[in-house]
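Using the working numbering, you'd call the opening residue of the sequence shown number 13 and step up by one each time.
Here a beta-carbon is modelled for each residue, glycine too, at the ideal position from N, C-alpha and C.
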Amino acid sequence: MAFVLQFAPQDFVTIPQHGTIQFHPSLLPKYRGPSSINWPISRGDAKTGLTIFRPTDGLDEGPVILQKETRIGPDDTLGTVYFDRLFPMGVQAILEAADLVVAGKHRQLAQDESQATYEGWFREAESRINWANQVDVVHNLIRGSNPAPGAWTTLNGTKLQIFDCRKLPVRTFGAVKGKIGEVVECSAASFQVTAQGGRIEVLRAKLGDGKKAAAGDLLGAGSIKPGQLLGS
């Protein structure tokens with residue numbers, strides 16, 4: 013089973029001759045729950061992974077058959093971690109675990125409940141940008157929300173979602189330009205917004221009911237201008 017969003021009764025999971033195995037995109041027992049790829053990226057973790065386990069009555073509980081780790085790079089997003097690594101790794105891991113189970117060569121290790129964490133859905137409320145946070149925190153939130161649910165702020169009361177971006181930290185307090193949340197610099201391809209300790213260079217965004225667009229297109233349309241305050 014993979015991406016199961018409801019509890020499967022035990023009389024169901026015991027139907028197969030060799031029992032049931034389940035895929036979960038985190039290194040259990042950490043990040044139990046439905047948005048287990050978003051959370052570690054948004055918190056700046058350096059690694060994540062996947063777990064193949066025997067499901068029990070508890071949420072993402074049960075003995076572990078195997079795990080695979082993958083690095084989270086400083087510019088990785090939800091999309092790159094899942095589509096480039098966890099998805100193909102997961103397909104191979106399920107096949108590997110199934111072969112081990114059928115051959116009777118698998119091991120089952122109990123999850124360490126002292127290390128267990130649970131996180132709920134990563135939705136709109138969790139993906140709102142607070143420009144008063146450190147630039148690292150803002151950058152991680154945007155990465156962990158890209159492509160879904162999409163980190164967001166507001167521009168003159170209209171929702172502005174930010175997807176592709178770069179972090180531009182500064183070394184001294186005096187090097188920080190503008191107010192918190194202010195659009196301080198625009199180029200042909202991007203615009204920069206001030207956060208604590210640096211700026212976020214926005215490369216791709218979505219304003220209101222519009223489509224995702226290159227930041228340069230929003231600038232060309234006059235939607236984004238220097239001096240505007242985001243999130244106010």
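Are there 16 or more other CB atoms within 10 angstroms of the CB of residue i, so buried, or fewer, so exposed?
i, result
"PRO86", "exposed"
"PRO52", "buried"
"ASP8", "This structure cannot settle anything about residue 8, because the visible part of the chain is limited to 13 through 244."
"MET13", "Because MET13 carries a pLDDT of 48, less than 50, the predicted location of this residue cannot be relied on, and no value is offered for it."
"ASN158", "buried"
"GLY61", "buried"
"LEU107", "exposed"
"SER199", "exposed"
"GLU252", "Past the edges of the chain, shown from 13 to 244, lies residue 252, and the structure says nothing about it."
Using alpha carbons as the reference points, say which of the options lies closest to residue i.
i, options, result
"ASP221", "TRP133, LEU62, LYS171 and HIS36", "LYS171"
"TRP143", "THR129, ARG135, TRP164 and TRP133", "TRP164"
"GLN127", "GLY239, LEU40 and GLY56", "LEU40"
"TYR43", "GLY31, THR32 and THR63", "THR63"
"GLY248", "GLU125, THR206, VAL114 and LYS80", "Outside the shown range of the chain (13 to 244) lies residue 248, about which nothing can therefore be said."
"ASP148", "GLY209, LEU167 and ARG183", "GLY209"
"GLU125", "ASP72, GLY102, GLY61 and ALA105", "ASP72"
"ILE77", "SER38, ARG119 and MET101", "ARG119"
"ALA58", "THR89, LEU180, LYS191 and PRO238", "THR89"
"ILE141", "ILE192, THR82 and PRO238", "ILE192"
Say whether chain B places a C-beta atom closer than 8 Å to the C-beta of residue i.
i, result
"TRP164", "Among the chains in the structure shown there is no chain B, since it carries only a single protein chain."
Give me the DSSP bridge partner(s) of residue i.
i, result
"VAL76", "PHE65 and LEU121"
"THR82", "THR60"
"PRO181", "GLY210"
"ILE174", "ALA163 and ALA217"
Which residues in the same chain as residue i place their Cβ atom closer than 8 Å to its Cβ, once the five residues preceding and following it in sequence are excluded?
i, result
"ALA227", "ALA201, SER202, PHE203, VAL214, LEU215, ARG216, ALA217 and ILE236"
Sorted by chain position, which residues of the same chain lie with C-beta nearer than 6 Å to residue i's C-beta, five sequence neighbours on each side aside?
i, result
"ASP176", "LEU215 and ARG216"
"SER54", "ASN152, LEU153 and GLY156"
"PRO46", "TRP133"
"ILE188", "Checking the sequence, you will find Val at residue 188 rather than Ile. Around VAL188: VAL182."
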